[in-house]
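These notes are about the structure you will find just below.
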Amino acid sequence: MPREEKVKDYLLSELSDEDKPSAIWAEYRALRVLGIPNENLKKIVKPRLQNFITNLNLSAVYHNHYLLKDVYYLLVMSRELGIEIDESWKETVTSFVLDLRDDGAFGSKISKIKIVRLETTLYSVLILNELGYGYRDGKTVKFIESNRNGALWWSLPITRYALLALNSCGAKVEGKEEIVKALERRKCPYGFFLTLPTRIPSRGIR
1 MPREEKVKDY LLSELSDEDK PSAIWAEYRA LRVLGIPNEN LKKIVKPRLQ
51 NFITNLNLSA VYHNHYLLKD VYYLLVMSRE LGIEIDESWK ETVTSFVLDL
101 RDDGAFGSKI SKIKIVRLET TLYSVLILNE LGYGYRDGKT VKFIESNRNG
151 ALWWSLPITR YALLALNSCG AKVEGKEEIV KALERRKCPY GFFLTLPTRI
201 PSRGIR
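Residues in the sequence shown are numbered consecutively from 1, following full-length UniProt numbering.
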């Protein structure tokens with residue numbers, strides 16, 4: 001069996017077992033790249049997402065803010081695969097997320113830790129705009145920008161969510177060239193990226 005077919009079979013088996021939308025999304029995107037038709041993916045993904053919605057207790061977000069990330073990816077996959085979601089559930093999620101707002105950010109009711117508030121803010125903005133709320137708030141944009149450390153944010157994943165959130169708000173991202181250069185400094189010759197820029201001259205890793 002060709003290697004690509006083995007990868008497809010493995011990812012399809014993993015996709016069928018996953019419960020978290022954030023994990024489902026990663027495997028679903030890989031399978032799309034490998035050429036699996038959307039209709040085939042929809043048959044597998046739809047019941048997993050419906051099960052997540054049925055069992056989701058939004059109040060659990062106060063103990064685990066990463067549930068917001070799962071809600072975001074659920075909405076992304078639903079949109080891309082044409083999976084309908086009950087409007088009343090969407091309204092409930094919208095109201096819940098809006099209730100997390102404070103002065104320019106989201107999540108002070110969840111945690112006072114800065115990185116948790118940032119992640120909560122990013123996921124909240126992305127959720128609202130996936131739901132068609134059209135969230136625009138200059139204070140939120142300033143809060144996201146204030147958490148920037150040089151060209152990037154706290155980590156590469158957080159940088160990705162920050163850029164997605166700013167873009168969804170229609171905000172102008174400053175220093176795009178610096179962002180590209182910072183990412184290039186983290187790229188390895190093996191095709192992956194390091195969390196921090198590293199230089200090992202003897203092996204040519206920068």
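For each residue, glycine too, the CB sits at the ideal point set by N, CA and C.
Quantities reported herein were computed from a predicted structural model and do not represent experimental measurements.
Who are the Cβ neighbours of residue i in its own chain at under 8 Å, not counting the five residues just before and after it?
{"i": "G175", "result": "A151"}
{"i": "L131", "result": "L75, K90, V93 and T94"}
{"i": "E39", "result": "none"}
{"i": "I24", "result": "L15, E18, V45, R48, L49, Y73 and M77"}
Rounded to the nearest angstrom, what separates residue i and residue j at their Cα positions?
{"i": "V116", "j": "H65", "result": "8 Å"}
{"i": "I144", "j": "L122", "result": "8 Å"}
{"i": "I83", "j": "M77", "result": "8 Å"}
{"i": "Q50", "j": "S95", "result": "20 Å"}
{"i": "G104", "j": "N149", "result": "19 Å"}
{"i": "D102", "j": "A60", "result": "19 Å"}
{"i": "L164", "j": "L183", "result": "16 Å"}
{"i": "D19", "j": "E27", "result": "12 Å"}
{"i": "V97", "j": "R3", "result": "43 Å"}
{"i": "V7", "j": "A30", "result": "10 Å"}
{"i": "K172", "j": "R160", "result": "15 Å"}
{"i": "D86", "j": "L58", "result": "16 Å"}
{"i": "D9", "j": "N55", "result": "28 Å"}
{"i": "G138", "j": "R185", "result": "31 Å"}
{"i": "K142", "j": "L128", "result": "18 Å"}
When DSSP labels each residue in this structure, what does residue i get in the three-state scheme?
{"i": "R203", "result": "Confidence at R203 is low in this model, with a pLDDT of 41, below 50, so its placement is unreliable and no value can be given for it."}
{"i": "R101", "result": "strand"}
{"i": "E84", "result": "coil"}
{"i": "A60", "result": "helix"}
{"i": "I36", "result": "coil"}
{"i": "R136", "result": "coil"}
{"i": "K114", "result": "helix"}
Identify every residue that forms a DSSP beta bridge with residue i.
{"i": "K187", "result": "F193"}
{"i": "N149", "result": "L152"}
{"i": "F106", "result": "R101"}
By Cβ distance, which residues of its chain are closer than 7 Å to residue i, with the 5 residues on each side in sequence left out?
{"i": "T120", "result": "H65, L68, L100, F106, G107 and I110"}
{"i": "P21", "result": "L49, F52, D70, Y73, L74 and M77"}
{"i": "K187", "result": "F193"}
{"i": "L81", "result": "N38, L41, K42 and V45"}
Leaving out five residues before and five after residue i in sequence, what residues of the same chain have Cβ atoms less than 6 Å from its Cβ?
{"i": "R136", "result": "C169"}
{"i": "Y62", "result": "I110"}
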